[in-house]
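Notes to accompany the following structure.
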Amino acid sequence: MADTQHLKDLVTQVRRDIVRQVHAVSSGHPGGSLGCTEFLVTLYNEVMDHDPSFNMDGINEDLFFLSNGHISPVFYSVLARAGYFPVSELSTFRKLNTRLQGHPTTHEGLPGVRIASGSLGQGMSVAIGAAQVKKLNGDDKTVFTLHGDGELQEGQIWEAAMYASANKVDNLISTIDVNGQQIDGSTEQVLALGDLRNKFEAFGWDVITVEKGNDVDAIITGMKEAMNLTRKGKPVCILLHTEMGNGIDFMMGSHAWHGIAPNDEQLAEALRQNPETLGDY
Amino acid sequence: MKIYENTGSKDTRSGFGDGLTELGKKNENVVALCADLTGSLKMNAFADNHPERFFQVGIAEANMMGIAAGMTVGGKIPFTGTFANFSTGRVYDQIRQSIAYSDKNVKICASHSGLTLGEDGATHQILEDIGLMKMLPGMTVINTCDYNQTKAATLAIADHHGPVYLRFGRPKVANFTPENGAFEIGKAVMLQEGTDVTIIATGHLVWEALEAAKTLNEKGISAEVINIHTIKPLDEAAIIASAKKTGCVVTAEEHNYLGGLGESVARTLAMHHPTAQEFVATQDTFGESGTPAQLLEKYGLNAENIALKAEKVISRK
Numbered sequence: 000m001a002d003t004q005h006l007k008d009l010v011t012q013v014r015r016d017i018v019r020q021v022h023a024v025s026s027g028h029p030g031g032s033l034g035c036t037e038f039l040v041t042l043y044n045e046v047m048d049h050d051p052s053f054n055m056d057g058i059n060e061d062l063f064f065l066s067n068g069h070i071s072p073v074f075y076s077v078l079a080r081a082g083y084f085p086v087s088e089l090s091t092f093r094k095l096n097t098r099l100q101g102h103p104t105t106h107e108g109l110p111g112v113r114i115a116s117g118s119l120g121q122g123m124s125v126a127i128g129a130a131q132v133k134k135l136n137g138d139d140k141t142v143f144t145l146h147g148d149g150e151l152q153e154g155q156i157w158e159a160a161m162y163a164s165a166n167k168v169d170n171l172i173s174t175i176d177v178n179g180q181q182i183d184g185s186t187e188q189v190l191a192l193g194d195l196r197n198k199f200e201a202f203g204w205d206v207i208t209v210e211k212g213n214d215v216d217a218i219i220t221g222m223k224e225a226m227n228l229t230r231k232g233k234p235v236c237i238l239l240h241t242e243m244g245n246g247i248d249f250m251m252g253s254h255a256w257h258g259i260a261p262n263d264e265q266l267a268e269a270l271r272q273n274p275e276t277l278g279d280y
Numbered sequence: 000m001k002i003y004e005n006t007g008s009k010d011t012r013s014g015f016g017d018g019l020t021e022l023g024k025k026n027e028n029v030v031a032l033c034a035d036l037t038g039s040l041k042m043n044a045f046a047d048n049h050p051e052r053f054f055q056v057g058i059a060e061a062n063m064m065g066i067a068a069g070m071t072v073g074g075k076i077p078f079t080g081t082f083a084n085f086s087t088g089r090v091y092d093q094i095r096q097s098i099a100y101s102d103k104n105v106k107i108c109a110s111h112s113g114l115t116l117g118e119d120g121a122t123h124q125i126l127e128d129i130g131l132m133k134m135l136p137g138m139t140v141i142n143t144c145d146y147n148q149t150k151a152a153t154l155a156i157a158d159h160h161g162p163v164y165l166r167f168g169r170p171k172v173a174n175f176t177p178e179n180g181a182f183e184i185g186k187a188v189m190l191q192e193g194t195d196v197t198i199i200a201t202g203h204l205v206w207e208a209l210e211a212a213k214t215l216n217e218k219g220i221s222a223e224v225i226n227i228h229t230i231k232p233l234d235e236a237a238i239i240a241s242a243k244k245t246g247c248v249v250t251a252e253e254h255n256y257l258g259g260l261g262e263s264v265a266r267t268l269a270m271h272h273p274t275a276q277e278f279v280a281t282q283d284t285f286g287e288s289g290t291p292a293q294l295l296e297k298y299g300l301n302a303e304n305i306a307l308k309a310e311k312v313i314s315r316k
């Protein structure tokens, strides 16, 4: 296994960015953001072939669509630190006239964002369209999506899942953030999702499970496996088991930090647990 | 009076289908999506000519709107096709977030709009779609009046960058606008100049407005008839100029009077030149089963009622 210390350092810095963004405006969604930090850092810095100079059409680039738009703090931090826009702009998160809206949008022209998301369940359909156009254009790159597990309660996801396999959209890798939590409680309590592997397999997808979804090395292994499954006639689903609030002990193990910002003392404690690595914005 | 001749009744949806066929040949970036209504939308020729650019989505309109949005990433110009009800109300949030707010170049093409889809009844007869679509920031809203104009509009919207709602219908109606005529988005078409009353119509009721003008002429009333094919952006200058000339207005549309063309005209006049106005439209009601002609008569969406409303609004001057 290659040395992944640089990714781990970036993960720590992105965690700091997340809690500092939401603390500054006393709003936003730290829990799911922290749970997906390792995944998005790895995707943008180890897996995807992408160009931070940003062109909306993304020809001959891998593309990523964030479907669960409320985890915008991690998305913005990863994009900024990949070079899409200045890291200093993270200080404008959710403030008036910002390009970093509460939920991601193309409307303000923020580089790196190709679709608005926030109203759940729409990103897989969008990604399928982009993936089919890649094939039409003779572009052999891959399209990635991320979804919350609670988001799978939206019916449009299953319309899209059915379509993707029926049309052999095999240049698509959709990752489900399986943290078992949503706003009102655990997914088991709110609306049980059942056996997700069986569901996606029944819909004609190849399914990979990454048990350690907050472990950079495990994510790299899982993504390689997923990439090897593409272009074989089926869309690919990754069930990424994560811990909501990962990396900050008092935010872990509950849905309580889905959409709550830390206060001053909690921020200090969160930052103490994640020492600065690459420089705060 | 100008005389308009029906060159042979045709359905407006065939204008869309034939326009799409032509687009398929001349613009390789045009792709088409349909939710299990290919025949009804007259998309068969495009699907046969360009199977690689035609996407059968099945009965899943929400997914269709999302896929269409995604297809713009990579430079395609997607045309979606289904009934007006399933093109708007059923998928409002998908259009709002993934298309309108995301500034995606998607053309939402909707057949079987209004009462005139007929016997299927109210579940399929949306009378609220113009209102829904015109409220979305950045959305262009077009409702064409005959086969020739629908074909011309289909060609024109491919060259317009931005989301468009194109509304047309099922029944055969008079075809009277010029063949291969120019279509300018946002530009009113003056069909009949007059001095006593202005009739502003859209869609299938434009022909009815011309018929009403004939009746009025026989009574010595000079009616001006304007075809508003683009409800948003609205040609306010044409409306204001005509209202200043005639002093009263009748609007006519196959839509609820709440949220339709009539309200857009009323807002324009209230702001710039307050003018008496009567509305030929459905009165905050659902539709029902019946033949198109029966329904238009029952709900007062015909030449006879337009003429009555014209006389009424003249009396209010």
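Residue numbers (numbering that gives the first Met the number 0), protein chains in the order written: chain U, 0 to 280; chain Y, 0 to 316. By construction, the Cβ of each residue, glycine as well, lies at the ideal position given by its N, Cα and C atoms. The model shown is predicted, which means the values in this text are computed figures rather than measured ones.
Please name the residues in the stretch 60-75 of chain Y whose beta-carbon is closer than 7 Å to at least one beta-carbon of chain U, in chain order.
61, 62, 65, 66, 67, 68, 69, 70, 72, 73, 74, 75
Go to residue 164 of chain Y, then tell me how far its beta strand (DSSP E) extends in each direction, as first and last residue.
Locating residue 164 of chain Y in the second sequence gives position 165, where the first residue counts as 1. From DSSP, the beta strand (DSSP E) with residue 164 of chain Y extends over 163-166.
For the stretch 97-123 of chain Y, enumerate the residues whose C-beta is nearer than 7 Å to any C-beta of chain U, in chain order.
97, 100, 101, 102
Which residue wins for smallest C-alpha separation from residue 199 of chain U, given the options U:219, U:231, U:158?
Here residue 199 of chain U corresponds to residue number 200 of the first sequence, with the count starting at 1. Nearest option by C-alpha distance: U:158.
Shortest alpha-carbon distance to residue 243 of chain U belongs to which of U:184, U:105, U:61?
Numbered from its first residue, the first sequence carries residue 243 of chain U at position 244. When only C-alpha atoms are compared, the closest one is U:184.
Can you find a C-beta in chain Y that's less than 8 Å from the C-beta of residue 69 of chain U?
Taking the first sequence and counting its residues from 1, one reaches residue 69 of chain U at position 70. With 8 Å as the cut-off, residue 69 of chain U does not count as an interface residue toward chain Y.
What is the DSSP secondary structure of residue 114 of chain Y, reduced to helix, strand or coil?
Working through the second sequence from its first residue, we reach residue 114 of chain Y at position 115. Helix.
For residue 313 of chain Y, the nearest candidate out of Y:294, Y:12, Y:196, Y:219 (CA to CA)
Stepping through the second sequence from its first residue, residue 313 of chain Y is reached at position 314. The shortest C-alpha separation from residue 313 of chain Y is found at Y:196.
What are the residues of the stretch 52-66 of chain U that lie near chain Y, defined by any Cβ-Cβ distance shorter than 8 Å?
55, 56, 57, 58, 62, 64
Quick check on the DSSP output: what are the complete beta strand (DSSP E) runs of length 3 or more inside the stretch 117-148 of chain Y, in order along the chain?
139-142
Taking the alpha-carbon positions, what's the residue 120 of chain U to residue 85 of chain U distance?
Your numbering for residue 120 of chain U matches position 121 in the first sequence. Your numbering for residue 85 of chain U matches position 86 in the first sequence. If I take the Cα positions, the gap works out to 30 Å.
Residue ranges of each alpha helix (DSSP H) within the stretch 168-221 of chain U, 4 or longer
186-190, 195-201
For residue 286 of chain Y, which three-state DSSP category applies?
On the second sequence, residue 286 of chain Y is found 287 positions in, with the first residue counted as 1. Coil.
Should residue 133 of chain U be flagged as near chain Y, meaning a C-beta pair shorter than 8 Å?
On the first sequence, position 134 is the one that residue 133 of chain U refers to. Chain Y, which has a Cβ nearer than 8 Å to the Cβ of residue 133 of chain U, makes this yes.
Mind checking if residue 188 of chain U is an interface residue toward chain Y, Cβ cutoff 8 Å exclusive?
Position 189 of the first sequence holds residue 188 of chain U. With 8 Å as the cut-off, residue 188 of chain U does not count as an interface residue toward chain Y.
Based on the DSSP output, what are the partners of residue 64 of chain U in its beta bridges?
Here residue 64 of chain U refers to the residue found at position 65 when the first sequence is read from its first residue. Beta-bridge pairing links residue 64 of chain U to U:144.
Do the CB positions of residue 60 of chain Y and residue 89 of chain Y come within less than 8 Å of each other?
Along the second sequence, read from residue 1 onward, the residue named residue 60 of chain Y stands at position 61. Along the second sequence, read from residue 1 onward, the residue named residue 89 of chain Y stands at position 90. Against a cut-off of 8 Å, the Cβ pair of residue 89 of chain Y and residue 60 of chain Y comes out as a contact.
Tell me the DSSP bridge mates of residue 108 of chain Y?
Position 109 of the second sequence, counting from 1, holds the residue named residue 108 of chain Y. Answer by DSSP bridge pairing, in chain order: Y:80, Y:165.
Quick check: the stretch 114-124 of chain Y against the stretch 291-303 of chain Y, are at least 3 beta-carbon pairs closer than 8 Å?
yes
Does the stretch 130-146 of chain Y come into contact with the stretch 202-216 of chain Y, if we say contact requires no fewer than three beta-carbon pairs (one atom in each stretch) closer than 8 Å?
yes
Under 8 Å between beta-carbons, which chain U residues line up against residue 56 of chain Y? List them in chain order, please.
Residue mapping note: residue 56 of chain Y aligns to position 57 of the second sequence, counting from 1. The contacting residues are 162.
Report the residues of the stretch 147-174 of chain U with a CB closer than 7 Å to any CB of chain Y, ordered along the chain.
155, 158, 159, 162
Residues near residue 245 of chain Y in its chain [Cβ-Cβ closer than 7 Å; skip 5 each side]:
Residue 245 of chain Y sits at position 246 when you count from the first residue of the second sequence. Counting only Cβ-Cβ distances below 7 Å, and skipping sequence neighbours, we find 193, 194, 195, 196, 197, 223.
Is residue 138 of chain U a contact residue of the ligand NAP, with contact defined as CB to any heavy atom under 7 Å?
Judged by which ligands are present, the structure shown has none, so any question about the ligand NAP falls away.
Can you give me the C-alpha to C-alpha distance between residue 18 of chain U and residue 107 of chain U, rounded to a whole angstrom?
Taking the first residue of the first sequence as 1, we reach residue 18 of chain U at position 19. Taking the first residue of the first sequence as 1, we reach residue 107 of chain U at position 108. Their Cα atoms are separated by approximately 23 Å.
Given 8 Å as the limit, is there contact between the stretch 132-144 of chain U and the stretch 189-206 of chain U, that is, 3 or more CB pairs closer than that?
no
Buried or exposed (CB count within 10 angstroms, at least 16 for buried), residue 186 of chain U:
By 1-based counting over the first sequence, the position of residue 186 of chain U is 187. Under this definition residue 186 of chain U is a buried residue.
For the structure I just gave you, are there three or more beta carbon pairs, one from the stretch 259-266 of chain U and one from the stretch 230-245 of chain U, closer than 8 Å?
no
Would you tell me roughly how many angstroms separate the C-alpha atoms of residue 309 of chain Y and residue 131 of chain Y, rounded to the nearest one?
Taking the second sequence and counting its residues from 1, the one referred to as residue 309 of chain Y is at position 310. Taking the second sequence and counting its residues from 1, the one referred to as residue 131 of chain Y is at position 132. Cα to Cα, residue 309 of chain Y sits roughly 28 Å from residue 131 of chain Y.
Between the C-alpha atoms of residue 123 of chain Y and residue 40 of chain Y, what's the straight-line distance to the nearest angstrom?
For the purposes of this step, residue 123 of chain Y is identified with residue 124 of the second sequence, where counting begins at 1. For the purposes of this step, residue 40 of chain Y is identified with residue 41 of the second sequence, where counting begins at 1. Cα to Cα, the separation comes out at about 14 Å.
If we define contact as Cβ-Cβ less than 8 Å, is residue 92 of chain Y a contact residue for chain U?
Position 93 of the second sequence, counted from the first residue, corresponds to residue 92 of chain Y. With 8 Å as the cut-off, residue 92 of chain Y counts as an interface residue toward chain U.
What residues in the stretch 205-236 of chain Y have a beta carbon less than 9 Å from any beta carbon of chain U?
none
Buried or exposed for residue 170 of chain Y, please, with buried defined as at least 16 other CB atoms from any protein chain shown within 10 angstroms of its CB.
Within the second sequence, residue 170 of chain Y is the residue found at index 171, counting from 1. When all chains shown are included, residue 170 of chain Y counts as buried.
Identify the contact partners of residue 105 of chain U in chain Y, using a Cβ-Cβ distance below 9 Å as the criterion.
Residue mapping note: residue 105 of chain U aligns to position 106 of the first sequence, counting from 1. Neighbours of residue 105 of chain U on chain Y, chain order: 100, 101, 102, 103.
For residue 150 of chain U and residue 217 of chain U, the rounded distance between their alpha carbons:
The count along the first sequence starts at 1 and reaches residue 217 of chain U at position 218. The count along the first sequence starts at 1 and reaches residue 150 of chain U at position 151. Those two C-alpha atoms are separated by around 24 Å.
Contact between the stretch 260-274 of chain Y and the stretch 236-244 of chain Y is defined here as three or more beta-carbon pairs at a separation below 8 Å; is this criterion met?
yes
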